[in-house]
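S.K.: One structure coming up, written as structure tokens, with questions to follow.
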Amino acid sequence: MASHPQFKDSTEAAEVAGTFASSVKDKIVLITGVSPNSIGEGTAKALASHSPTRLILASRSVSKIEAVISSLKSTFPSSSTVYQILEMDLSDLDSVRAAASSILHDQEIPHINLLINNAGIMLIPARTLSPCGQEIHLTTNHISHFLLTNLLLPKLLAAGPDTRILNLTSSGHNFSPFRFTDPTFLHPLSSLPPSEVPDLNLVRSIFGPEQTDMLLHSTNPSSYHPALAYAQSKTANILFSLQLNLLPRLQKSGIRSYAVHPGSVETNLGRHVPAEEMQKARDRAKASDSMFITLRKNPDQGASTTLVAALDPGLPCVEIEEVDVDVEAAKTDPQTISAEKKKKQIAKNIYFADCQIADTLCKTYARDVDAAEKLWEWTEGVVGEKFSWE
């Protein structure tokens, strides 16, 4: 539980920022994925009301950042906060490197207190690869944020204790573990080891039997499904936060990282899905009493959990505990990480939802220490650079 149990799903970002105003004042914050009517805008607006020194707002669209800045200046005309535009395309690692370089060489940015990796894409209909050769959800949602964070760590370390790195994830991670053997969805589901098989019952309950049958069809050469691609990237977000907490240099410096599920938010994130299809999915979820039936939030409510994880000084550190794994159950349950080990190291205090710590809503495969380390090494291979923070 966070330090303020009264915060909940309907809490707005302004209330959270007001409660922790001293954690905002004079801070330098970088937020990715900032555009009108977005969680990023809701986050920036709440922070701007309490005098941060600088808000660095990142997006691939400069015009969208300009629209948000115009709104912020209109809302807070007497604010001394500096608003800085950072143009960055998260589908392109070269763009990420250029953006990070501009921040590292900016003498007016001596440090960064908060890095909020907020940007993301969802449910791209067709299997699509980014310029680095990886699946587009995974590149945009995880790989680029991994690269950006590591490149900016010198300035995050310079900020001293209480620095935080937030990675926005989703309850959608429940659909699938990370697919180390087939991250680009080249092969059928039958090629996956049990620990990487998605939750097909959940796919069926939300998207219907037809799409599930398509995934299982023996002649289908690919196991791509938009929800599974999105889910893999969201599992990666949680594992990335976990591994950041295990890095010795960050531990010594007091840097923490948390994974944040903002909830079901009315933004443009689901624009790739026809409205009627989205409504069918919601109806199926309601009929099956699914975990995905939650309050539909506005962007300000969607930003509140991010701000709890970013600002609450009373939050516990991420801890690692050993849990027993039923070996026989692991052989039949594809959601269990390992059938080889009787004990697993699992993180707690890592996952936030509705303004509270919510580890019970987070799959163990997304909190697994071995998987987090493996993903870190895999992602280093993709970006072509080793990051050692001893």
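If you're matching positions, the sequence shown starts at 190 in our numbering and goes up one per residue.
All C-beta atoms in this analysis are idealised placements derived from N, C-alpha and C, irrespective of residue type, glycine included.
(1) Let me know the secondary structure DSSP gives K575 once reduced to three states.
(2) In the DSSP output, which residue or residues are listed as bridge partners for N306?
(3) Just list the residues that DSSP pairs A542 with in beta bridges.
(4) Which of the three DSSP states, helix, strand or coil, is assigned to R419?
(5) Does Q534 come out as helix, strand or coil in the three-state DSSP assignment?
(6) Could you pull out every residue in the same chain whose Cβ sits closer than 8 Å to the Cβ of K367, ignoring the five residues on either side in sequence?
(7) S646 by DSSP, collapsed to three states: which one?
(8) Run the CB neighbour count on H334, radius 10 Å, all protein chains shown included, and call it buried at 16 or more, exposed below.
(9) Check this for me: beta carbons of I145 and I298, under 8 Å apart or not?
(10) In whole angstroms, what is the alpha-carbon distance linking I526 and H331?
(11) Hey, out of N302, F374, L431, whose CA is closest to K344's CA?
(12) So which of K486, R438, T329, Q490 has the shortest CA-CA distance to A418?
(13) Between D388 and H294, what straight-line distance do the alpha-carbon atoms span, to the nearest angstrom?
(14) Taking C-beta to C-beta, are L341 and L304 nearer than 8 Å?
(15) By Cβ distance below 7 Å, which residues in the same chain neighbour D513 in space, the five residues on each side in sequence not counted?
(16) Going along the chain, which residues of its own chain have a beta-carbon closer than 6 Å to the beta-carbon of W567, five neighbours each way excluded?
(17) State buried or exposed for N434, treating a residue as buried only when at least 16 other CB atoms are found within 10 Å of its CB.
(18) If you reduce the DSSP assignment to three classes, tell me which class R368 lands in.
(19) Should L244 be counted as a contact of the ligand FAD given a C-beta to heavy atom distance under 7 Å?
(20) Pairing CB atoms from the segment 540 to 551 with CB atoms from the segment 196 to 203, are three or more of them under 8 Å?
(21) Taking a contact to mean a Cβ-Cβ separation below 8 Å, would you say G309 touches G222 in this structure?
(22) By alpha-carbon positions, which one of S453, I509, C506, Q534 ends up nearest to T494?
(23) How would you call L405, buried or exposed, if buried means at least 16 neighbouring beta carbons within 10 angstroms?
(24) For H450 and S227, what's the separation of their Cα atoms in angstroms?
M.R.: Looking at the atomic coordinates:
(1) coil
(2) N356
(3) H450, Q545
(4) The question names Arg, but residue 419 is Tyr in the sequence shown. Of the three classes helix, strand and coil, the one that applies to Y419 here is helix, per DSSP.
(5) strand
(6) Residue identity check: residue 367 is Phe in the sequence provided, not Lys. E385, Q421, T424, A425, L428, Y554, A560, L564, listed in sequence order.
(7) In the structure as shown, the chain starts at 190 and stops at 579, and residue 646 therefore has no counterpart that could be examined.
(8) buried
(9) Look at the range of the chain in this structure, 190 to 579, and you will see that residue 145 is not part of it.
(10) Residue placement at I526 is poorly supported in this model, since its pLDDT is 48, which falls under 50; the coordinates are not used for a value here.
(11) N302
(12) T329
(13) 45 Å
(14) yes
(15) K531, K532
(16) none
(17) buried
(18) coil
(19) The ligand FAD is absent from the structure shown, which contains no ligand whatsoever.
(20) yes
(21) yes
(22) S453
(23) exposed
(24) 14 Å
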